[in-house]
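Quick note: the sequence shown uses this note's numbering, first residue 30, plus one each step. The beta-carbon is built from N, C-alpha and C at its ideal position, and this holds for glycine as well.
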Amino acid sequence: MRGFERIRRAHKQKVLAKLRQTEPVFILGVQKSGTTAIAALLAEATGLPATLDITRAINRPGAKILRRYGVEGFDDFIYRYRKEFSRKIVKEPGLTFDYECLRTYFPKARFVMIMREPKDNIRSILNRLKVPGNLKELDPEEWPELKRSPAWRINLDSSWLGHWPESYVDSLAYRWRLSAETYFSQPEAFILIRYEDFLADKKGIVEGLAQNLGFGIASDVAGKVDNQYQSKGKRVMDYEEYYGGNIACIRQQCGDFSERLGYSSRLPKSTK
């Protein structure tokens, strides 16, 4: 067994050293902010291989907590999912909060941050989970989408991130805030794309991103920009009614960064 462990350690170091020399593009941003669509279209436009979520990690959602508290090293995470990390474009919302680790292990990497207006972003997540926005407490066992998905249950609990939430909406608002803080901590290190700008000119944004990254355009994505990469949500006309008292959590957590990103203080009309 000791011999096997020595071989494994040696192989891991070889893999990490090889990945360290690569130049991946990491597309970050919280769930339902447009990361999948933008990454998929970028891969289509450039002809480059892409990882659209590290799907094998979904069955190990607790690994996020293990990494957070140093029980499992980030190097172990990269090694376990080395195939997914070997592609040129890597889109994984769960890596948004691992930005500093990514910089350490991939010093030649480039980063794209996708942001979406927070009230609309959180509403889209809740639509995906078929959960209303105005509850004060949420029992995951009462909601089928949450009951079958430990990964989503962790996303609705920010306590492991060091924030004790007032509600599940507060948890999602805090996660949005962390993504904004990550961007504004080093804005020069990111290419920023607002989801709303992407919706207004999908082809232009994707091709502009490709050119900004120094990639050639291998395919015209005009006929694919309206492909549905995620399930559609339900439009909301009155966010005060939709969130009830929970809207205060979003304003408190996200208000300052939302304005810095150019979002109006008025409640937006929801998109999808």
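Query: Taking the alpha-carbon of TYR272 as reference, which of LYS43, PRO147, ARG97 and LEU95 has the nearest alpha-carbon?; Result: PRO147
Query: Thinking just about the alpha-carbon of each residue, which of GLY284, ALA72, ILE94 and GLU121 is nearest to the one in TYR203?; Result: GLY284
Query: Which residues in the same chain as LEU254 place their Cβ atom closer than 6 Å to its Cβ, once the five residues preceding and following it in sequence are excluded?; Result: A small fix is needed here, since residue 254 is Val in this sequence, not Leu. Correct list, in chain order: LYS231 and LYS232.
Query: Could you please give the first and the last residue of the uninterrupted alpha helix (DSSP H) stretch that includes VAL235?; Result: 231–241
Query: Cutting at 7 Å between CB atoms, please list the residues of its own chain near ASP186, excluding the five before and the five after it.; Result: SER200
Query: Taking its Cβ as the centre, do 16 or more other Cβ atoms sit within 10 Å of THR65, making it buried, or is it exposed?; Result: buried
Query: Would you say LEU70 and VAL250 are within 8 Å of each other, going by their C-beta atoms?; Result: yes
Query: Roughly how many angstroms separate the alpha carbons of GLU171 and GLU288, rounded to a whole number?; Result: 36 Å
Query: Mind pulling the alpha helix (DSSP H) runs of 4 or more residues that sit fully within the stretch 191–270?; Result: 197–214, 224–229 and 231–241
Query: If you follow the beta strand (DSSP E) that VAL54 is in, where does it begin and where does it stop?; Result: 54–57
Query: Which same chain residues end up closer than 8 Å to GLY123 when comparing Cβ atoms and leaving out the 5 residues on each side of it in sequence?; Result: ILE83, ALA86 and LYS93
Query: With a CB to CB cut of under 8 Å and the five nearest residues on each side skipped, what residues in its chain are close to GLU236?; Result: ALA74, ILE246 and VAL250
Query: Compute the Euclidean distance between the alpha carbons of PRO90 and ALA180, then round it to the nearest angstrom.; Result: 5 Å
Query: How about SER208 and GLY58: do their beta carbons lie closer than 8 Å?; Result: yes
Query: Pop quiz: VAL14 and TYR110 are said to be a contact at Cβ under 8 Å. What is the actual Cβ separation, rounded to whole angstroms?; Result: The displayed coordinates of the chain run from 30 to 301. Any statement about residue 14 would go beyond what the structure contains.
Query: Measure the alpha-carbon distance for TRP189 versus GLY252 and round it to whole angstroms.; Result: 42 Å
Query: Is the CB-CB distance between ILE119 and PHE219 below 8 Å?; Result: Before going on, a small fix: residue 119 reads as Val here, not Ile. Contact: no.
Query: Who are the Cβ neighbours of ARG223 in its own chain at under 6 Å, not counting the five residues just before and after it?; Result: MET144
Query: Quick one: residues in its chain with C-beta nearer than 6 Å to the C-beta of LEU77, no 5 flanking neighbours on either side, listed in chain order?; Result: LYS117 and ILE118
Query: Looking only at C-alpha atoms, which of ARG177, LEU48, ALA39 and LEU158 sits nearest to LYS61?; Result: LEU158
Query: Which class does ILE83 belong to by DSSP, given the choice of helix, strand or coil?; Result: coil
Query: With the cut-off set at 8 Å, would you say VAL104 and TYR134 are in Cβ contact?; Result: Val is not the amino acid found at residue 104; the sequence shown has Asp there. Closer than 8 Å, so yes.
Query: DSSP has VAL141 in a bridge; who is on the other side?; Result: ILE56 and ILE220
Query: Hey, how far is the Cα of ASP168 from the Cα of TRP193?; Result: 16 Å
Query: Can you grab the Cα-Cα spacing for the pair ALA46 / GLU269, in whole Å?; Result: 51 Å
Query: For TYR292, which residues of its own chain have a beta-carbon under 6 Å away from its beta-carbon, when the five flanking residues on both sides are left out?; Result: GLU146
Query: Taking 6 Å as the limit between beta carbons, can you name the residues of its chain near VAL160, skipping five residues before and five after?; Result: TRP172
Query: From the DSSP output, which residues share a beta bridge with VAL119?; Result: PHE55 and THR80
Query: Can you give the beta carbon distance from GLU52 to ALA138, rounded, assuming they're within the 8 Å contact cut?; Result: 7 Å
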